[in-house]
Structures are given as structure tokens and as C-alpha cells.
Amino acid sequence: MNARLHPVPEQFDDPVQQREAATLGMWAFLATEILFFGVLFAGYTLCRVRFPDAFAEGSRHTDMLLGTIETAVLLTSSCAVALSVREVQLGGRRLASALLAATAALGVTFLVMHGFEYVAEYREGLIPAIHYTQQGVYARGMEIFYCLYYFITGFHSIHVMVGVALMAVMAWRTWRRAYDADYHTPLELTALYWHLVDIVWIFVYPLVYLVGRAG
Amino acid sequence: MSMLPQASSFAPDLDHLFDTLLLLCGLVTVGVFVVMIAFCVKYRHGSAAERTPARQHLGVELTWTLIPFVLFMGIFGWSVQLWIRLRTPPKDAQPVYVVAKQWMWKVQHPGGQREIDTLHVPVGQPIRLVMTSQDVIHSFYVPAFRVKQDVLPDRYTELWFTATQAGSFHLFCSEFCGTDHARMGGSVIAMAPADYARWLHAHASLSLAAQGEALFRQLGCSGCHDPQSGVHAPDLYDLYGHTVPLSDGSQVMADERYLQDSILLPKKQIAAGYAPIMPSFEGRIGAEDVLALVAYLKTRTRAAEDSHEHR
Amino acid sequence: MSTVERAPAPRSYLEEGYGLRSWLTTHDHKRIAILYGVGITFFFFLGGLAAALIRWELVTPAGDLMSAETYNKAFTFHGVVMVWFFLIPSIPATLGNFLLPLMIGARDVAFPRLNLFSWYLYVVGGLFTLLCLLLGGVDTGWTFYTPFSTMFSNSNVMLVVVGVFVVGFSSIFTGLNFIVTVHTMRAPGMTWMRLPLFVWAMYAVALVMMLATPVLAMTLALIGLERLFGVGIFDPALGGDPVLFQHFFWFYSHPAVYIMILPAMGVVSELITHGARRRIFGYKFMVWAIIGIAVVGFLVWGHHMFVAGQSMYASIVFSILSFIIAVPSAIKVFNWTATLYKGDISFDAPMLYALGFVGLFMLGGLTGLFLAATALDVNLTDTYFVVAHFHYIMVGGAVMAYLGGIHYWWPKITGRLYSEAWARFAAILMFFGFNLTFFPQYILGYEGMPRRYHEYLPQFQVWNVLSSAGATILGAAYLLPLFYLAWSLRHGARAGPNPWDATGLEWTVPSPPPLRNFDEAPEVTEGPYAYRR
């Protein structure tokens, strides 16, 4: 391990301590993230209890095909980043960097597809406060559903954007040999973050796309 | 203990609990202060007190953990039993409707008497307030009765009490509700039953249910909901207090909340066997009209209808 | 005091740079603590000014000093500023930042840059709040209850919501930093059961900050959404549920109460052991009490909502949990008292603050039992009884401990000694001023005076006048330290590393400490408070 390449900040005794601190810090941060999303899921659950049918109806207006593809895209990207970390641990570089770039690209794909969804929903008049034209029995409950839908997916997309940027940086730095088998904490932590973004989506997907289609 | 009158049936019992807890806390406070001061004096710097190292006793810790715990649970049990009583109005409680808005209290008696910022009640008769708000959250608070309940928009909350003492008692809004929150008060006037009867008579008007019945025709409800109507709609007889099967297979108890929702949000719960064709009356009628309609629906029984016809 | 020893003193953190820039770009936890200290002091007096206006208005029953609108803005501003810009960051961000690394034998916190970033977030949040004040203020109460805050208030709700949202992140990052620091940066031999109770308190409070604040942030974001776009999940007119807002809000804001009081408990444990020159009585019980309070603190939020339209059974559950959380608080009071037993007690200013804290915290805690009892809470909630209760905890408790801590560690922070006579005088004046201000409010509440009232019934006047008189004394007492502490910066005697002859790693380094605290990592061989056994 090259101490000159990766100087340990003054507050730490050694690289081990630094690594422990960074890892614990990331896990702690992910815990707060879970609470951020937790509030939204709690709000979603309670509103759905109030308007079960409207939520089902709202869900039927979402694009399940795109949603499913998005899920697959995110899952694939998580796999890619995991493989990349393993590659670096084994001393690889080119493949690792390529996998990270692929992850970023898949993230962008996800965002673009979501963009298409938003556009389609705008045309259909499903965006509360901006363009909402639903009428009839479920209009009111659906408005709440879509309100939460935009809040949750929007907040999640912000996380994806941050993740894409981080992945790009990681790909670049891996390419520039910043990480090796001994030192790759930033890469590992970025991967952790990306997995969280993925896991949150695993919850969003059934809540948004599948609710109205069961049974 | 207090200058506050004990004017409801709850007040003496709640005060009893309060005084006991006050005594208990007073004893603890005095005890801890006496011990603290004694230690501070005895072991002050420079005193000749004996200071052999004291050992830490697990027993002592457990004692002052368990004794408070047991005491707290005792207080909890006592309080819960009173709490359940506070929250369970007796069957014969007489309903009175309260609508709160920035910044006044509007009261409607079942007999149709209306008042603003005052509430007349008979002594000795359990009263059940059915309350809702037209705008923000308010809170109905009568210190002399020791009762308080938040009043929420778009929802009914309940409060019950039995006045035990004639007189005029302050009514406050105790949930911050905007500029004139502090002025949103009035009085509850408890009267001997005979005086109350006289008051009711003097302020008599069309009963609330009768007003509701008139509205029922004016607003066109009867156009669909009368048995003779050509539209396929429930006739609403004997509805209140019974379970209604819904189109999604569940059942709901037809209480005040359900009746209000059915008027304002008819699409929310659809009675089984009927098409969701009723228009919403939200924004078209005020909270008081809804109350009147609900009061009417509660009295809309087939028996009453029959006697009406035979008269 | 031996002034002869003149080892070539290492450069202290204060001498590392003098320009404004050296402060605004510092990564040193001690300097960041001082930056927070400046901000917190500013907001404390600003919030205090609002309190002065409130008490002044309430001298007479009629609303004659200011309009109802202004009064509502005054108490809202007082609440928002005191809660988010003073109390929550007070002990953790100043004393915690300064002392946590010193106490565990570390050179800094784990993430110094994040630490500085937290301070900037605090400043930005504060600026939004000040901007809101300049543009006319906000009148929702610090609780932002919907639908009033979303649909009915015409004031600058958005600005203050953004301010609190931003400052929330400051709190989250501080919490995260402390958690990681305590876990990974302890000196050799500093095992968990050798941590000073102040560190334990910081650890617990960091957990609460980290896990509760995100809930507040999202709730405020939802409020913003509702206010800006007229869509949302709280307003009944839109099909939402205002009680849901209260659940979310108190899910944060009740733990927030423990964010304010747990650090105070930590500080007082340090002060009492020092004053009595004894080991803390029942160290393990004290630790478990801290953890117990932090955990159960997450489960009692519903006791704010007994009359809010929550189900009767939910209230019963929240009530029993609230009684349960009173047990560890009681344990702490008894242990502090027992620590005095067979002590060698001197009554310097920090000890006076600590003893004052124990008394006031006990009164605040015991009156909490009345509010935990559902049946009694019905009458007492939303009255001055509640106001008195939480001021006993937050002002009588947290502020007393904060000031006690500032006095105790002042020589360490600045390297100077203050005037002991003035400090004792201020502490005693504060204690009496405080009781005169807030004890009458218990009586007012029991007599039925609702809170947040701009005008009141004439029968309440006597107690209100007493309270306002007390507030005058209290205000004067709060101003005193500003002067004699400032005076000490220039004219105070030099402190030396350990002026109190106290235990704890922070007293083993020079005062003020050098940039990296310890020349070499200290070796810890015994538990805290090793005073004369």
C-alpha cells in the first residue's frame, strides 16, 4: 500500500481507522436515508388506507412496462457496480472502470425512461397542481396518489442523479489507477450508496406500479 | 386546591387524582431537596465529615428504579380508568352540535336552537358535543368541567360531560388557530333543568332535524332518495346506527362521520348494489347544513314516516 | 497555583491564525465549536428578545402593547429560534464539538470538513429565518400545525420552513460525525464503559439527531409542497389528514426534546462529579438510563396528541410509555443526589448551575407525570401548565446545564479564568429569576389559561405579572455572563491546563489546547471521575 498516494488525514491514526470511520459514516448516512424515504412510505400507506380504490386506479394509470424495464435496468446496474468492486479487489482496472461507466449509463437510461413516463403522464393530465384533468369517482384520491408518486419518484431520481455523477467520477478515478486492491474505500462506499438507491426502488416499484394490478 | 369550580361530574374525580399526584410529587421534591441540602452541608469542602469511600450498591439502584416504576404504574392505572370514562359517552347523552370557525363557536341544539359563543346545558343531564370545524383546527376547552377536545376540519370529534353546578363557565379555544385565537371564547351556561326547558322554549325554532328535512327537499336529495323516485338510490330509512354493506365487499357502521362523508364525498364509500351516481355536495353546502341533514337522516326511520303519514 | 513551570507551550488552537478567513475555513473542531457558539449566542438573545416582548404584552390582560398578529409572530419566532437555532445545537454543537474529541483522546472528529459544512448549513438556515423575520415574520407557532400553516396563514411560512429544513441537515451531519467519532476514534484503553457520561450523552443524542431529523425534513418538504402547489396529504380540503401531520411532526419533535435534555444530563454529570470530587454514583445505571431515554424517546410522541383526535387506545399506549420513560430520568436524579454523599463539595459557579439544574429538572420532570396521565392531560394540555413544564426542562434544565458547562470549560476553551463571584451571583440570580418566571405559569395553566393567548381574563393577571417580573430578573441574569466572560478574555488570570484539578483527558492538555489536542495518543487505564476513589 502506497502511503504517499493516499495520505491519511491528520485526525486518523492509520488507514485502518480511516477506513472504519468512512464505512461507518456511510452506513450511518444510509440509515438516515431510510428514514427520509420511510416518512414517504408511511404517508403513502396511510393515504392508501384512506383511498384504497383510488390508489389502485391511480396505479393502473402508470406505465407498468416502462416501470418494469426501469427496475431491470437498476438491478443490472447494481450487479455491474458489485462486479466492479470485486474486480478492483482482485487487482483489475480496465474492466472495473468499464463496469462503473456502464453503471452510470444504466442510471442515465433509468432517468431518461422516467422522463418519458413523466411526459406521458403530463399528456394524460396526471400531474397534480400543474396539469391535472382527471374527473370522476377517483379523481380526488388519485390526486393524492400522484402527489406522492411524484414526490417519491422525484426524490428517488435525485438520488439516482447524484449516484450517476458519483459513478462517473469513480469510473474516471479507477481508470486513473486511484484505487487498487489495498485502497478502494471510496469505491466501496459509492457502491453501497448505489445499492441503497436500488433497494429503495425495489419498494417503490410494487407500491406504485403493481398495486392496482393485483387480483 | 383551586379557585377553579368543580362544575362537572368529572371534576371531583380528576381533581382527586391531581391532588394525589401533586402530594406524591411534592413529597419526592421535598425529600430530594432535603437530602441534597443535607449532603451539601455535611460534606461541604473543609467539613470534618467522615469520607470513607462509599461502595456502590446494586440494591440501592434497584430500589430507586423499581419503586418509582410501581408508583408510576399505579398512577397510570388510575388515570386510564378515568380516561376511558372521559372518552365513553353514556347512551342517554343528549347530542349538541358545535361548529368551530375562525374565530367563533356556533352551537346547534337538536331542537333547532342556535347560539354563538355560548352553550346552554341543563344540570345533571349528560351532554355529548359533536364537533367539527369549517377551517383550521380548534379546541373546545371548558376548564371548570376539566374537558377539552380538538375540533378538526372534515371530521367529527366528540366530547361529553355532565354539568353538576349551575352557573356560567368560561369556554376557550385552546389550539392556536390564527390571529384572534385569544378571542375565540365564550361561556357554557349550566342551568337547572326547569330553567333550561324554559330557555329552550323561548329560543325554539324549527328543530334541527326538521331543518334538515326541509333541506333534504330543497337540495333535491329527495328526488333520488325517496322510495317513489325513479332513480335507483337507497331510500335511507333506518340508516343511522346500522351496518351498510359496501360495493367493495366491506361493511361500514353508519355513524355521523359516514353520513357526512356520504354527502360530501359520496364516491368514497359506495353502498353495495348502487351505482356511484350521486354528485358531491362539497363546497355547495355549509357545515351547519350538513349537520342539519345528518340530524334529519338520524331520525329518518320508517316508523316515523308512517306515523307522519297517518297523522 | 504554580506559575513557575514554563515549558515551551505549544501554539494553541487560538494562535493558529487570526484573520477572519482562518476562522471561516477552519477544520478544527475547537474553532468550529466557537463559530457555533457565536451563532447560538446571537440567536439566544434574539429569541430572548421575542420572549421579552411576549412577557411585556402579558403584563396586562388587554392586548394593548401590540396587535394580535404581532404577538402571534413573536411567540412563533421565539419558539422557532429557541428550538432549532439555540437549544438543539446548543450543547452538542459547542461543548460537544469542542470536548468530544478531547474527552476520548482524539485529534479531531472523524470528518472535520463535514463538521465545518454543518456549521455553514446552520448559518444558511439561520439566514433564511432572519430573512423571514425581516419580511414580516410567521404566525403559525413553532409547531406548524396544518391546515393552518398550509392554507390559512398569510405569513412567510415557506421561508422559515426552508430555514428549519436546512438547519435540520446541520443537525443530521453533526450527529453522524459524533457517532463515527465515538465508534472509531477512541484512544487506546478508552473502552465504552470508561467513557465520560458527557460522551455517552453526545453519542445518544447523535443517534436521535440522525434518526429523527430526516422525518422532520420530509414533513416540512410536504408542507412546502402543499403550500406552494395546493396538493398534498395533510389538508382535509384536499382529502388529506391533518392529524397525520401531527404524528410526523411529533415523531421528530418529541425525540427533539431529548436532543435538548440528554446533553444537559451529560454536562451535569461532569459538573457534579467535579464539584463533589467523587465518582459518579451508579455509572452503569447512568449509561443505561441515557440509552433507555434515547430509545424509548422515539415511542412516546403520541402523548402530545391525547386530545387531538387520536384513538383512545393509542393514547393509553403512549401514556404508559411516557410513564416508563420517566423511570430513567428519576434514576438520574437519584444518582446525582447520591454522588454528593461523602463528597468533598465546593460550590463554585459550575456546581451551582449543576445543583440548580437537578432541582429544576426534577420539577419539570415530575410535572411531566401530570401530562403523561391521559385523564389529567385533557385539562392541562395546551395551557400554561405545559408551557411551564417544558420551560422547566428546556430552560431550567438545558440552559442551566449549557451555561454551567460553558463556565466549567471556559478556562479550557479560552485559557482564562472568569470572575468567580460574578459567576456565582449570576447563577443564583438565574435560579430565582427562573422560578419566579415559570412557577406562576403552572398555576395559570391549572387555573385554565390557554397558551398562545394575546389577551386573557383579568383573573389571571396576578400570576402573569409575577411571571413577567421574574422574566425581567431572568433576562438580566442572562446578560451578566456576557459581560464578565467577555471581560475575562482580556483581563482574566491565565488558567493553566487543569484549574479545577479535575479528571478527564481534556484537562491533561494545555489550555487552550493545541491544534491537534494531543502530542501523542493518551493511554487510558481507568474509568472516568477518578477523584479520590
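Protein chains in written order, with the working numbering: chain A, 1471 to 1685; chain B, 303 to 613; chain C, 2 to 534. No residue lacks a Cβ here, since even glycine has one placed at the ideal position from N, Cα and C.
Using a cut-off of 7 angstroms between C-beta atoms, extract the partners of residue i located in chain A.
| i | result |
| --- | --- |
| residue 231(C) | 1599 |
| residue 236(C) | Those do not exist, as residue 236(C) stays about 10 angstroms from chain A at its closest Cβ, beyond 7 angstroms. |
| residue 219(C) | 1506, 1509, 1510 |
Whose Cβ in chain C lies nearer than 8 angstroms to the Cβ of residue i?
| i | result |
| --- | --- |
| residue 481(B) | 69, 70, 73, 140 |
| residue 338(B) | 338, 341, 356, 359, 360 |
List, in chain order, every chain C residue whose beta-carbon is nearer than 7 angstroms to that of residue i.
| i | result |
| --- | --- |
| residue 1606(A) | Those within 7 angstroms of residue 1606(A) in chain C number zero; the least Cβ separation is about 14 angstroms. |
| residue 490(B) | Here the premise fails: no neighbours, minimum Cβ distance about 12 angstroms. |
| residue 477(B) | 383 |
| residue 331(B) | 363, 364, 367 |
| residue 589(B) | By Cβ distance, chain C contributes nothing, its closest Cβ being about 12 angstroms from residue 589(B), past 7 angstroms. |
According to DSSP, what are the bridge partners of residue i?
| i | result |
| --- | --- |
| residue 399(B) | 410(B), 432(B) |
| residue 450(B) | 443(B) |
| residue 475(B) | 442(B) |
| residue 1518(A) | Answer by DSSP bridge pairing: none, since residue 1518(A) is not bridged. |
| residue 1513(A) | DSSP, once it has assigned bridges, lists no residue as partnering residue 1513(A). |
| residue 488(B) | 473(B) |
| residue 443(C) | Note: residue 443(C) sits in no beta bridge, so no partner. |
| residue 374(B) | In the DSSP output, where bridge partners are listed per residue, residue 374(B) has none listed. |
| residue 459(B) | 433(B) |
Using a cut-off of 9 angstroms between C-beta atoms, extract the partners of residue i located in chain C.
| i | result |
| --- | --- |
| residue 472(B) | 449, 458 |
| residue 1491(A) | 111, 112, 181, 182, 184, 185, 186 |
| residue 305(B) | 448, 460 |
Can you have a look at residue i and say buried or exposed, based on whether 16 or more other CB atoms are within 10 angstroms of its CB?
| i | result |
| --- | --- |
| residue 520(C) | exposed |
| residue 644(B) | Coverage of chain B is limited to positions 303 through 613, which leaves residue 644(B) absent and any answer about it impossible. |
| residue 21(C) | exposed |
| residue 381(B) | buried |
| residue 1671(A) | buried |
| residue 155(C) | exposed |
| residue 88(C) | buried |
| residue 555(B) | exposed |
| residue 1488(A) | buried |
Listing by chain order, which chain B residues have their CB less than 7 angstroms from the CB of residue i?
| i | result |
| --- | --- |
| residue 347(C) | 347 |
With respect to 7 angstroms, is the separation between the Cβ of residue i and the closest non-hydrogen atom of the ligand ADP below this value?
| i | result |
| --- | --- |
| residue 1533(A) | This structure lacks the ligand ADP, and indeed carries no ligand of any kind. |
Show which residues of chain B have a CB atom less than 8 angstroms away from the CB atom of residue i.
| i | result |
| --- | --- |
| residue 343(C) | 345, 351, 352, 353, 354, 355, 356 |
| residue 377(C) | 316, 319, 320, 323, 381 |
| residue 320(C) | 378, 381, 382, 385 |
What does residue i reach in chain A if we use C-beta pairs closer than 8 angstroms?
| i | result |
| --- | --- |
| residue 278(C) | Those do not exist, as residue 278(C) stays about 33 angstroms from chain A at its closest Cβ, beyond 8 angstroms. |
| residue 107(C) | 1481 |
I want to verify the contact list: residues of chain A whose CB lies under 9 angstroms from the CB of residue i, in sequence order.
| i | result |
| --- | --- |
| residue 242(C) | 1516, 1517, 1520 |
| Between the segment 450 to 466 of chain B and chain C, which residues of the former have a C-beta closer than 7 angstroms to a C-beta of the latter? | 450, 451, 452, 454, 455, 456, 457, 459
| query | What residues from the segment 388 to 403 of chain B come within 9 angstroms of chain C, judged by C-beta to C-beta, listed N to C? | reply | 388, 389, 390
| said: Could you check whether the segment 499 to 507 of chain B touches the segment 472 to 485 of chain B, counting it as contact only if at least three pairs of C-beta atoms, one from each stretch, sit closer than 8 angstroms? | reply: no
| task | Tell me, please, whether the segment 209 to 226 of chain C touches the segment 157 to 170 of chain C by the rule of three or more beta-carbon pairs shorter than 8 angstroms. | result | yes
| query | Which residues, in order along the segment 1508 to 1526 of chain A, keep a beta-carbon less than 8 angstroms from a beta-carbon of chain B? | reply | 1521, 1522, 1523
| Which residues, taken in chain order from the segment 560 to 587 of chain B, show a beta carbon closer than 7 angstroms to some beta carbon of chain A? | 569, 578
| the segment 431 to 447 of chain C in contact with the segment 368 to 387 of chain C per 3-pair CB rule at 8 angstroms | yes
| the segment 273 to 286 of chain C contacting the segment 345 to 363 of chain B, beta-carbon criterion three pairs below 8 angstroms | yes
| field | Residues in the segment 539 to 556 of chain B having any Cβ partner in chain A nearer than 8 angstroms | value | 550
| What residues in the segment 370 to 385 of chain B have a beta carbon less than 9 angstroms from any beta carbon of chain C? | 370, 371, 374, 375, 377, 378, 380, 381, 382, 383, 384, 385
| Near-chain C residues of the segment 1604 to 1634 of chain A - C-beta to any C-beta below 8 angstroms | 1610, 1611, 1613, 1614, 1617, 1618, 1621
| message | Closer than 8 angstroms is the cut-off here; do at least three beta carbon pairs connect the segment 381 to 398 of chain B with the segment 422 to 434 of chain B? | response | yes
| task | Report yes or no: do the segment 293 to 304 of chain C and the segment 388 to 405 of chain C share at least 3 C-beta pairs separated by less than 8 angstroms? | result | no
| Between the segment 467 to 478 of chain C and the segment 426 to 438 of chain C, do three or more beta carbon pairs fall short of 8 angstroms? | yes
| message | Tell me whether the segment 191 to 199 of chain C and the segment 102 to 121 of chain C touch, counting them as touching only if at least three CB pairs, one residue from each stretch, are closer than 8 angstroms. | response | yes
| field | Given 8 angstroms, three or more beta-carbon pairs between the segment 311 to 330 of chain C and the segment 506 to 518 of chain C | value | no
| query | Does the pairing of the segment 335 to 343 of chain B with the segment 341 to 348 of chain C give three or more beta-carbon distances under 8 angstroms? | reply | yes
| Do three or more CB pairs link the segment 176 to 183 of chain C to the segment 146 to 160 of chain C at distances below 8 angstroms? | no
| Can you find at least 3 beta carbon pairs, one from the segment 452 to 468 of chain C and one from the segment 422 to 433 of chain C, that sit closer than 8 angstroms? | no
| For the segment 396 to 408 of chain C against the segment 348 to 364 of chain C, are there 3 or more C-beta pairs whose distance is under 8 angstroms? | yes
| message | Taking beta-carbon pairs under 7 angstroms, can you tell me which members of the segment 428 to 440 of chain B lie near chain C? | response | 437, 438, 439
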